[in-house]
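Report on the following structure.
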Amino acid sequence: MAERVASRRGGLRSLVLLLGLCAVAVGVAADDGGESGDYLQWQRLLIGLAGEAERIQVGTVNRFVNGMRERSDRELWGVEDYWASPDEFLSRGAGDCEDFVITKYISLRRLGIPDGRLRLAHSRIYNRERGRIEPHMVLLYRDTAGREWVLDNLHSEPVVRGQRTDLVVNYVFNTTGLWYSGRGDAADRPTDPAEHGKWLAFRQRVQSPG
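So the sequence shown is numbered by my numbering: it starts at 552 and just counts up by one.
This is the structure:
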């Protein structure tokens with residue numbers, strides 16, 4: 552994944568567009584493009600979690616999504632960087648760290664957690680196996696008490712952000728904006744996500760039945 556650092560900004564443009572499209576669909580209707588067992592199980596999971604306590608929703612979604620396999624975009628899609636929607640990710644049962652994060656984010660939004668308490672975080676992490684620092688993406692979730700948790704495909708359960716000393720956040724974003732301080736709070740002025748992508752072209756790609 553380290554070799555993709557140069558293309559990360561372009562990938563961010565596409566992801567922000569995907570999130571914008573999904574935000575329109577949140578609470579309206581599920582994407583019916585996927586027919587795999589994992590996709591259908593995800594749909595049933597979200598229905599079953601409706602009305603549950605938020606901590607149960609977050610933990611259950613995190614564990615379910617983390618049950619998918621980690622694979623590179625080159626293996627799955629034949630390209631260096633591809634941002635998969637939940638139906639694409641779950642139909643393959645695999646993806647890279649961005650795909651895990653996107654599906655968790657959209658799942659929690661569909662369950663009613665406000666966008667203001669969710670941030671997708673482009674980060675750096677030390678890979679002990681490879682002995683090097685690599686780019687990584689996680690989902691930051693702020694609970695109703697104000698504590699921030701890290702949802703990471705490398706950890707089976709959410710971890711309080713302050714305990715993730717191995718994680719360095721570069722910037723965070725959601726459908727509201729992008730914040731370069733890594734905080735994403737009211738004191739940090741957001742950048743309009745519309746600045747970061749070809750909105751119409753990406754909308755057409757995601758909505759296309761093919």
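Quick reminder that beta carbons are idealized off the backbone N, C-alpha and C, glycines included.
For a quick check, are the C-beta atoms of Phe-724 and Leu-669 less than 8 Å apart?
No, Cβ-Cβ distance for Phe-724 and Leu-669 is not below 8 Å.
Evaluate Arg-614 with the Cβ neighbour count: other Cβ atoms within 10 Å of its Cβ, from every protein chain shown; 16 or more gives buried, anything less gives exposed.
Answer is exposed; the Cβ neighbour count stays below 16.
Out of Asn-721, Glu-649, Gly-663 and Ala-696, point me to the one whose CA is closest to Leu-702's CA.
That would be Glu-649, whose Cα lies nearest to the Cα of Leu-702.
Which term fits Glu-639, buried or exposed, when burial requires 16 or more other beta carbons within 10 angstroms of its beta carbon?
Counting Cβ neighbours within 10 Å, Glu-639 comes out buried, since at least 16 surround it.
CB-CB under 7 Å to Ile-664, same chain, minus the five flanking residues each way: which ones, in chain order?
Counting only Cβ-Cβ distances below 7 Å, and skipping sequence neighbours, we find Glu-605.
Within the continuous beta strand (DSSP E) that includes Tyr-677, where are the two ends?
That run of the beta strand (DSSP E) goes 669–678.
So what does DSSP say about Leu-496, is it helix, strand or coil?
Only positions 552 to 761 of the chain appear in the structure, and residue 496 is not among them; the question remains open.
Taking only the alpha-carbon atoms, compute the straight-line gap between Val-630 and Ser-623 and give it to the nearest angstrom.
Distance between the alpha carbons of Val-630 and Ser-623: 9 Å.
First and last residue of the alpha helix (DSSP H) that includes Glu-649?
From DSSP, the alpha helix (DSSP H) with Glu-649 extends over 648–661.
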